[in-house]
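A.B. asks: Quick one: the structure is below, and I'll ask about it shortly.
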Amino acid sequence: MLPETISDIWVYLAASPLLALTLTLVVYQAAVWLYVRAKRPALLNPVLVAVAALVAILVATGTSYRTYFEGAQFIHFLLGPATVALAIPLYRQFEKVRKSAIAVVASLLLGSLTAMGTALGLGYVLGLDHVSLVSLAPKSVTAPVAMGIAEKLGGLPSLTAVFVIVTGILGGSLGPLLLDRLKIGDPTARGFALGTASHGIGTARALQESEAAGAFSGLAMGLNALATAILLPLLWALFA
Amino acid sequence: MLQALTAILLCQLAGETISAASGLPLPGPVIGMVILFAVLAIRKGVPKDIGAVGDTLLSNLSLLFVPAGVGIMQHAARLEDEALPVIVALVVSTLVTIAVTALAMKLMGKGRQDGPEAPAGRGQ
Chain A
1 MLPETISDIW VYLAASPLLA LTLTLVVYQA AVWLYVRAKR PALLNPVLVA VAALVAILVA
61 TGTSYRTYFE GAQFIHFLLG PATVALAIPL YRQFEKVRKS AIAVVASLLL GSLTAMGTAL
121 GLGYVLGLDH VSLVSLAPKS VTAPVAMGIA EKLGGLPSLT AVFVIVTGIL GGSLGPLLLD
181 RLKIGDPTAR GFALGTASHG IGTARALQES EAAGAFSGLA MGLNALATAI LLPLLWALFA
Chain B
1 MLQALTAILL CQLAGETISA ASGLPLPGPV IGMVILFAVL AIRKGVPKDI GAVGDTLLSN
61 LSLLFVPAGV GIMQHAARLE DEALPVIVAL VVSTLVTIAV TALAMKLMGK GRQDGPEAPA
121 GRGQ
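Chains A and B, in that order, are what the protein sequence lines are.
With the UniProt record's numbering, letter number 23 in the first sequence gets 23, and the count goes up by one each step, no holes.
With the UniProt record's numbering, letter number 2 in the second sequence gets 2, and the count goes up by one each step, no holes.
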């Protein structure tokens, strides 16, 4: 009797955007709380925890992603304005960017080729099929660009979106640990590496470290989108 | 506040328009970032309210990726088959890319900032 009523209420609420929107905000804030409370361990990355918890809730309640996204799209939409807003830290830190212009361009090319080359090489050696390979190759680039590139080369855009998000979470959570290990303390190098390898999620992490790291990360994200869009079709032609 | 948000959205809209019209392989918001940057450079400063709105958005940037991340549930079947190679490739490729990029920045940044004290005798 009671469970039936609850599921009726759930079905009613799930049909409006309010539930998914509120749920996303509540779950994310709980994930941040947990992350801070546990002294910020890499594996409790708030994006990772929030995604896992939301997937579990949706699966358990039999709610489809499409229904969920009807509410969550209001949060998703803000990615656009937030990307535009990355111009602000970039402007504030531009003197530093200008001074290291050569290092920026050279590191970007190296990093971009490494991201594509290692993904293709490893994926090939490990036996991924063509569709998965080409969907995987642009994984370090911000989602809309990566999906466009994958589609052009015969991949699956929605699969690419998943690879992009996972790459972002990996870079954002494990990246700072690796950089500590390598004794790289310079915020410009840290930010630039996080943005090149793991786009906006890496940039979100870099912004938590410092404004300089965030500025270089946002810059790297934009530049790597451009570099990958130009270089990957050439690399793929050599590879395939 | 409202003006700042409008200004940011206008930059994005202009970016989307340029992206669609030019066929450039860049998404609208990235072009919008370049436009906002140009506006700030011309004005020689970040107006207070644009700074406030931008900082609010950016301090919660991680949250904005959550809805797209939940989309992973749609690919459960395919990912199950290829989980191991995909995870290995993603982890290794991402970490190697971070290491290579950061080391390149560090080495080249060193040459620029404090050239004289760079260790001698390590031929390239």
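Ideal placement from N, C-alpha and C gives every residue a C-beta, glycine not left out.
Within the continuous alpha helix (DSSP H) that includes V105 (chain A), where are the two ends?
C.D. replies: Looking up residue 105 (chain A) in the first sequence gives position 105. Per DSSP, V105 (chain A) belongs to the alpha helix (DSSP H) from A101 to V125.
A.B. asks: Compare the beta carbon distance of A104 (chain B) and A103 (chain A) with 9 Å and say whether it is the shorter of the two.
C.D. replies: Position 104 of the second sequence, counted from the start, is the residue given in the question as residue 104 (chain B). Position 103 of the first sequence, counted from the start, is the residue given in the question as residue 103 (chain A). Yes. Within cutoff.
A.B. asks: Taking 8 Å as the limit between beta carbons, can you name the residues of its chain near F69 (chain A), skipping five residues before and five after?
C.D. replies: To locate residue 69 (chain A), count along the first sequence from 1; it is residue 69. These residues qualify, in order along the chain: A20 and H76.
A.B. asks: Can you grab the Cα-Cα spacing for the pair I18 (chain B) / P25 (chain B), in whole Å?
C.D. replies: Translated into positions along the second sequence, residue 18 (chain B) becomes position 18. Translated into positions along the second sequence, residue 25 (chain B) becomes position 25. Near 11 Å, if we compare the C-alpha coordinates of P25 (chain B) and I18 (chain B).
A.B. asks: Can you give me the C-alpha to C-alpha distance between R43 (chain B) and V97 (chain A), rounded to a whole angstrom?
C.D. replies: Taking the second sequence and counting its residues from 1, one reaches residue 43 (chain B) at position 43. Taking the first sequence and counting its residues from 1, one reaches residue 97 (chain A) at position 97. Roughly 19 Å between the two C-alpha positions.
A.B. asks: Taking a cut of 8 Å between CB atoms, which residues from the region 51-63 of chain A lie near chain B?
C.D. replies: Hits within the stretch, in order: V51, L54, V55, L58 and V59.
A.B. asks: Any beta carbon from chain A within less than 9 Å of K48 (chain B)'s own beta carbon?
C.D. replies: Here residue 48 (chain B) corresponds to residue number 48 of the second sequence, with the count starting at 1. Answer no: the Cβ-Cβ gap between K48 (chain B) and chain A never drops below 9 Å.
A.B. asks: Taking the alpha-carbon positions, what's the D36 (chain A) to Q93 (chain A) distance?
C.D. replies: To locate residue 36 (chain A), count along the first sequence from 1; it is residue 36. To locate residue 93 (chain A), count along the first sequence from 1; it is residue 93. A small fix is needed here, since residue 36 (chain A) is Val in this sequence, not Asp. Going from the Cα of V36 (chain A) to the Cα of Q93 (chain A) covers about 28 Å.
A.B. asks: Just by C-beta distance, which residues in the region 27-46 of chain A are closer than 7 Å to chain B?
C.D. replies: If the cut-off is 7 Å between Cβ atoms, the region 27-46 of chain A has Y28 and P46 near chain B.
A.B. asks: Taking beta-carbon pairs under 9 Å, can you tell me which members of the region 85-100 of chain A lie near chain B?
C.D. replies: Under the 9 Å Cβ criterion, the region 85-100 of chain A contributes A85, L86, A87, I88, P89, L90, Y91, R92, F94, K99 and S100.
A.B. asks: Using a Cβ cut-off of 7 Å, pull out every chain B residue sitting near F239 (chain A), in sequence order please.
C.D. replies: Your numbering for residue 239 (chain A) matches position 239 in the first sequence. Simply none; closest approach about 14 Å.
A.B. asks: Along chain B, in chain order, which residues have C-beta atoms closer than 7 Å to that of V166 (chain A)?
C.D. replies: For the purposes of this step, residue 166 (chain A) is taken as residue 166 along the first sequence, with counting starting at 1. L90, listed in chain order.
A.B. asks: Which whole runs of the alpha helix (DSSP H) in the region 52-88 of chain B are 4 residues long or more, in chain order?
C.D. replies: Here the runs fully enclosed are 66-70.
A.B. asks: Could you tell me if R181 (chain A) is buried or exposed, where buried requires 16 or more neighbouring beta carbons within 10 angstroms of its beta carbon?
C.D. replies: Counting from one through the first sequence, the residue named residue 181 (chain A) turns up at place 181. By the neighbour-count rule (16 or more Cβ atoms within 10 Å), R181 (chain A) is not buried but exposed.
A.B. asks: Compare the Cα-Cα distances from T6 (chain B) to each of B:A83, B:A38 and B:V53 and report the closest residue.
C.D. replies: Along the second sequence, one-based indexing puts residue 6 (chain B) at 6. Among B:A83, B:A38 and B:V53, the Cα nearest to that of T6 (chain B) belongs to B:V53.
A.B. asks: From the DSSP output, in three-state form, read off Q93 (chain A) for me.
C.D. replies: To locate residue 93 (chain A), count along the first sequence from 1; it is residue 93. If DSSP states are grouped into helix, strand and coil, Q93 (chain A) belongs with coil.
A.B. asks: Measuring straight from C-alpha to C-alpha, what distance separates A106 (chain A) and A31 (chain A)?
C.D. replies: Reading the first sequence from its first residue, position 106 is the one you call residue 106 (chain A). Reading the first sequence from its first residue, position 31 is the one you call residue 31 (chain A). Those two C-alpha atoms are separated by around 37 Å.
A.B. asks: Any idea what DSSP makes of T203 (chain A), helix, strand or coil?
C.D. replies: Reading the first sequence from its first residue, position 203 is the one you call residue 203 (chain A). In this structure, T203 (chain A) counts as helix in the three-state DSSP scheme.
A.B. asks: Could you compute how far the alpha carbon of E4 (chain A) sits from the alpha carbon of Y12 (chain A)?
C.D. replies: Taking the first residue of the first sequence as position 1, residue 4 (chain A) is located at position 4. Taking the first residue of the first sequence as position 1, residue 12 (chain A) is located at position 12. Each residue's alpha carbon lies about 12 Å from the other.
A.B. asks: Contact between the region 42-54 of chain A and the region 22-37 of chain B: three or more CB pairs below 8 Å?
C.D. replies: Too few Cβ pairs lie closer than 8 Å, so no.
A.B. asks: Relative to the C-alpha of T203 (chain A), which residue among A:V27, A:Y124, A:L234 and A:T142 is closest?
C.D. replies: Numbered from 1 along the first sequence, position 203 holds the residue referred to as residue 203 (chain A). The shortest C-alpha separation from T203 (chain A) is found at A:T142.
A.B. asks: Against Y65 (chain A), what residues of chain B qualify as contacts under a CB-to-CB distance less than 7 Å, listed in chain order?
C.D. replies: Along the first sequence, read from residue 1 onward, the residue named residue 65 (chain A) stands at position 65. Those are V70, G71, M73 and Q74, listed as they occur along chain B.
A.B. asks: Which residues in the same chain have their Cβ closer than 6 Å to the Cβ of S173 (chain A), if we skip the five residues on either side of it in sequence?
C.D. replies: The sequence position of residue 173 (chain A) within the first sequence is 173, counting from 1. Only A42 and N45 meet the Cβ criterion.
A.B. asks: Between the C-alpha atoms of D49 (chain B) and M1 (chain B), what's the straight-line distance to the nearest angstrom?
C.D. replies: Here residue 49 (chain B) is taken as the residue at index 49 of the second sequence, counted from 1. Here residue 1 (chain B) is taken as the residue at index 1 of the second sequence, counted from 1. Approximately 6 Å between the Cα atoms of the pair.
A.B. asks: From the beta carbon of D186 (chain A), is the nearest beta carbon of chain B less than 9 Å away?
C.D. replies: Here residue 186 (chain A) refers to the residue found at position 186 of the first sequence. D186 (chain A) counts as touching chain B.
A.B. asks: How long is the line joining the alpha carbons of G117 (chain A) and A229 (chain A), rounded to whole angstroms?
C.D. replies: Within the first sequence, residue 117 (chain A) is the residue found at index 117, counting from 1. Within the first sequence, residue 229 (chain A) is the residue found at index 229, counting from 1. About 14 Å.
A.B. asks: As a quick exercise: from B:T97, B:M108, B:G109 and B:L107, pick the residue whose alpha carbon is nearest that of L170 (chain A).
C.D. replies: Taking the first residue of the first sequence as 1, we reach residue 170 (chain A) at position 170. For L170 (chain A), the nearest C-alpha among the options comes from B:T97.
A.B. asks: Confirm, please, whether the CB-CB distance from L90 (chain B) to residue 285 (chain A) is below 9 Å.
C.D. replies: Limits of chain A in this structure are 1 at one end and 240 at the other, which puts residue 285 (chain A) out of reach.
A.B. asks: Rounded to a whole number of angstroms, what is the C-alpha to C-alpha distance between P233 (chain A) and A14 (chain A)?
C.D. replies: As a first step, residue 233 (chain A) is located in the first sequence; it is residue number 233 there, counting from the start. As a first step, residue 14 (chain A) is located in the first sequence; it is residue number 14 there, counting from the start. Cα to Cα, P233 (chain A) sits roughly 42 Å from A14 (chain A).
A.B. asks: State the CB to CB distance for the pair I72 (chain B) and V162 (chain A), rounded to an integer number of angstroms; the pair is presumed to be in contact (CB under 8 Å).
C.D. replies: On the second sequence, position 72 is the one that residue 72 (chain B) refers to. On the first sequence, position 162 is the one that residue 162 (chain A) refers to. Right, the Cβ-Cβ distance comes to about 5 Å (below 8 Å), so this counts as a contact.
A.B. asks: Note down, in chain order, each residue of its chain lying with its Cβ closer than 6 Å to the Cβ of T160 (chain A), except the 5 sequence neighbours on either side.
C.D. replies: In the first sequence, the residue the question calls residue 160 (chain A) occupies position 160. The answer, listed in chain order, is S135, A146, M147 and A150.
A.B. asks: In three-state DSSP terms, what is K48 (chain B)?
C.D. replies: Counted from its first residue, the second sequence places residue 48 (chain B) at position 48. Residue state, collapsed to three classes: helix.
A.B. asks: Is T83 (chain A) close to chain B, meaning its C-beta is less than 9 Å from at least one C-beta of that chain?
C.D. replies: The residue given as residue 83 (chain A) occupies position 83 in the first sequence. It does: the Cβ of T83 (chain A) has a partner Cβ on chain B nearer than 9 Å.
A.B. asks: In the DSSP assignment, find the unbroken alpha helix (DSSP H) run with P81 (chain A) in it and report its ends.
C.D. replies: The residue labelled residue 81 (chain A) in the question sits at position 81 within the first sequence. Unbroken alpha helix (DSSP H) run through P81 (chain A): L79 to A85.
A.B. asks: For chain A, find out if any of its Cβ atoms is closer than 9 Å to the Cβ of A21 (chain B); answer yes or no.
C.D. replies: Residue 21 (chain B) sits at position 21 when you count from the first residue of the second sequence. No, because no Cβ of chain A sits closer than 9 Å to the Cβ of A21 (chain B).
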